[in-house]
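Some notes on the structure that comes next.
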Amino acid sequence: MTRPKYAITRYTTVNRINHWTNAGLFILLLLSGLSMFHPMLFFLSGLFGGGQWARAAHPWFGVLFMLSWIGMIIQFWRINLPAREDIAWSKAIVQVVTNDDEHVPPIGRNNSGQKAVFWAMTLLIPVLFITGLLIWEVYFGEATSIEVQRVAVLIHSLAAIAAILVWVAHVYAAIWIRNSVRSMTQGYVTPGWAWHHHRKWFLELASGQRGKTPPRKDT
Amino acid sequence: MSDLQSQDYVRRSASTMTPPVARSHEDQVAKLIDVSRCIGCKACQSACMEWNDLRPEIGHFEGSYENPMDLGPSVWTLMKFAEYENEQGNLEWLIRKDGCMHCEDPGCLKACPAPGAIVQYANGIVDFISDKCIGCGYCVKGCPFDVPRISKKDHKSYKCTLCSDRVSVGLEPACVKACPTGAIMFGSKSDMTHWAGERIEDLKSRGFENAGLYDPKEVGGTHVMYVLHHADKPSLYSGLPDKPRISPVVEAWKGIIKPLAVAGIAFAAIAGFFHWITVGPNEVTEEDEEEAARALRGEREPDPEEKS
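Protein sequences, first through last, are from chains L and G. So the first sequence is numbered by our numbering: it starts at 96 and just counts up by one. So the second sequence is numbered by our numbering: it starts at 19 and just counts up by one.
Shown next, in the form of structure tokens:
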């Protein structure tokens, strides 16, 4: 992979493989799940070979997604721990969404929006997994009472909608903040990008590098 | 059941358009099960198996006249035997033919996500169109009477069709045909309600002062009705629900949440698009790169606490 001379690694190869495994499974879950949620979206089941196939495949995608997300938790929990700087950044949310970056306080490796996406998913995915097991007719149809399954299916839909909304925000933010997609596809950002969006993180890296060669790729 | 009458639907699962209704000018039908006249012979169970070609697996004696012990994908109707000791200390044997109640407002149909897998004909019969069934089990959650059963072989949901195939050609359901005591009657809903009224009067005159008709209003009435000697306590009859209704959890899930969620997701995506064309992308400038390069060369004192 070719990189500019001073590229800074933001996501390692393992990070990226894990992230895109997630992304693929999330989209499969979203399409098959929505097909069973609203009649006008039932046509999406055709993408999976019909309603029976969508119904049969969806829980298996879910199991893989849970496993994949555990990988994400292991790799990313530490950089998403709350920090004091998150408060100032959150207070400046209007400046953030209006691209008024002059008035946004400098932030570390992740801002509180990114942390919110991570923790929201870390909460929602296990909820979806457990309620999903309860309504997995083929294997667990008789494991719990119908009343439990009714509540489970309601929670499952609400959690899914919440997860989809978080996902829409996540995808749009990636498009809006230019070149963040590249950080997750090719793994690097330029020093200017890090300076602009995550100045504290950049300066931490820079101070570690002072007197040596500038930061470069180190996968 | 197969799809025999496709132009007289009054309800069709997972459909936002009006189903084909041109031929919907028919009488509402009902099956009336007079529990007080039932002798528990199970002729109805056999007739159901015979007409519908159902062969449930042969089970074991479980210490009860009930056989098999539960409804199933191949058991669409089942005699349930309850032993009840009344206030006088006498034993009453309450035998009830269990099966789909064919609700006027069917919870299974409301919950079903597969378009056209559950339909209701103008005569009130609720039918499963099996080739459209996806086997998700939502009908089980929607049903207030715990009736539908999912087959482990073909992952389809099954229940009593009220012999919609026989009814469509002017015959009574097979169980009605077979009943030797006239405990199961079939006809228009108004006739059956009238007939039940006479039976209830008779029962009252014989000391069953709480005799009455089971046609629960909470589900809009049913197209299978019972004459009960203890209509004040339906649950005596092997757990017939006293006040059956579609669970409020199911109502919420299949009611307001569906359109709100789709609108919410669409709104989020549209909001993103308008943010893009108004505020626009957040790009890194040449100056950012120069500032960063200066910092890397050590020309600028790094100060992580600045502005924070």
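Think of the CB as a built atom: it goes at the ideal place given N, C-alpha and C, for glycine as much as any other residue.
query                                                                                                                    : result
Reduced DSSP secondary structure (H/G/I, E/B, other) of Glu-103(G)                                                       : strand
Chain-ordered chain G contacts of Trp-271(L) [CB-CB under 9 Å]                                                           : Gly-290, His-293, Trp-294, Val-297, Gly-298, Pro-299 and Asn-300
Beta carbon proximity, Glu-309(G) to chain L, threshold 7 Å                                                              : yes
Every unbroken beta strand (DSSP E) inside the region 147-190 of chain G [3 residues or more]                            : none
Chain G contact for Ile-250(L) (CB, 7 Å cutoff)                                                                          : no
Which of helix, strand or coil DSSP assigns to Ser-219(G)                                                                : Position check: residue 219(G) holds Glu in this sequence, whereas Ser was assumed. Note: Glu-219(G) maps to helix in three-state DSSP.
Contacts that His-133(L) makes with chain G (C-beta to C-beta distance below 7 Å)                                        : Lys-276 and Val-280
Residues that His-173(G) contacts on chain L, provided the C-beta gap is smaller than 9 Å                                : Gln-147, Arg-150, Ala-151, Glu-232 and Val-233
Chain L contact residues for Ser-265(G), given Cβ-Cβ distances below 7 Å                                                 : Arg-245
Selection of the region 130-157 of chain G by Cβ proximity to chain L, strictly under 9 Å                                : Pro-131, Ala-132, Pro-133, Ala-135, Lys-150, Cys-151, Ile-152, Gly-153, Cys-154, Gly-155 and Tyr-156
Proximity to Phe-171(L) [Cα-Cα], best of Gly-287(L), Phe-213(L) and Ile-103(L)                                           : Phe-213(L)
Thr-104(L) and Tyr-283(L) closer than 7 Å at C-beta                                                                      : yes
Val-242(G) - partner residues in DSSP beta bridges                                                                       : Lys-49(G)
Below-7 Å beta-carbon distance, Asn-194(L) vs any chain G residue                                                        : yes
Neighbour flag for Lys-312(L) against chain G, beta carbons, 7 Å                                                         : Its pLDDT being 44, under 50, Lys-312(L) is placed unreliably by the model, and nothing is read from it.
Within chain L, partners of Thr-159(G) - CB distance below 7 Å                                                           : It is worth fixing the name first, because residue 159(G) is Lys in this sequence and not Thr. Chain L residues near Lys-159(G): Ile-241, Gln-244, Arg-245 and Val-248.
Inter-residue spacing [alpha-carbon to alpha-carbon] between Lys-251(G) and Gly-58(G)                                    : 20 Å
Beta-carbon neighbours of Asp-164(G), restricted to chain C and to distances below 8 Å                                   : Checking the listed chains, one finds no chain C in this structure; the protein chains it contains are L and G.
Helix, strand or coil at Gly-117(G) according to DSSP, with G and I counted as helix                                     : strand
Coil, strand or helix - Pro-309(L) by DSSP                                                                               : In this predicted model, Pro-309(L) has a pLDDT of only 49, less than 50, meaning its place in the structure is not dependable; the value taken from the coordinates is given anyway. Coil.
Touch test, the region 242-256 of chain G against the region 226-233 of chain L, Cβ-Cβ under 8 Å, three pairs minimum    : no
Leu-228(L) at chain G interface by Cβ criterion, 7 Å                                                                     : no
Assigned secondary structure, Met-345(G) (DSSP; H/G/I helix, E/B strand, else coil)                                      : For chain G, the structure presents residues 19 to 326; residue 345(G) sits outside this window and is missing.
Boundaries (first-last residue) of the beta strand (DSSP E) holding Tyr-139(G)                                           : 136-139
Where Trp-111(G) sits in the DSSP three-state scheme                                                                     : strand
Delimiting residues of the beta strand (DSSP E) encompassing Val-28(G)                                                   : 27-30
Within chain L, partners of Ser-33(G) - CB distance below 7 Å                                                            : Pro-134
4-residue-minimum alpha helix (DSSP H) runs that sit fully inside the region 212-239 of chain L, ordered along the chain : 232-235
Whole-Å CB distance - Asn-205(L) paired with Trp-184(L), under 8 Å assumed                                               : In fact, because the Cβ distance is near 10 Å, the residues do not count as touching under 8 Å.
Sequence-distant residues of the same chain with beta carbon closer than 7 Å to Leu-120(L), five excluded per side       : Phe-156, Leu-159, Phe-160 and Ser-163
Sub-7 Å separation of Val-267(G) and Leu-253(L) beta-carbons                                                             : no
Limits of the unbroken alpha helix (DSSP H) element including Gly-125(G)                                                 : 125-129
Beta carbon of Ala-83(L) nearer than 7 Å to that of Ser-140(L)                                                           : No information on residue 83(L) is available, as it lies outside the stretch 96 to 314 that chain L covers here.
Cβ-based neighbour list, Pro-158(G), same chain, cut-off 6 Å, excluding 5 preceding and 5 following                      : Strictly speaking, residue 158(G) in this sequence is Val, with Pro absent from that position. Taken in chain order, the residues that qualify are Pro-166.
Nearest-angstrom Cα separation, counted from Glu-304(G) out to His-292(L)                                                : 14 Å
Proximal residues of chain G, C-beta to C-beta of Leu-260(L) below 7 Å                                                   : Gly-282, Ile-283 and Ala-286
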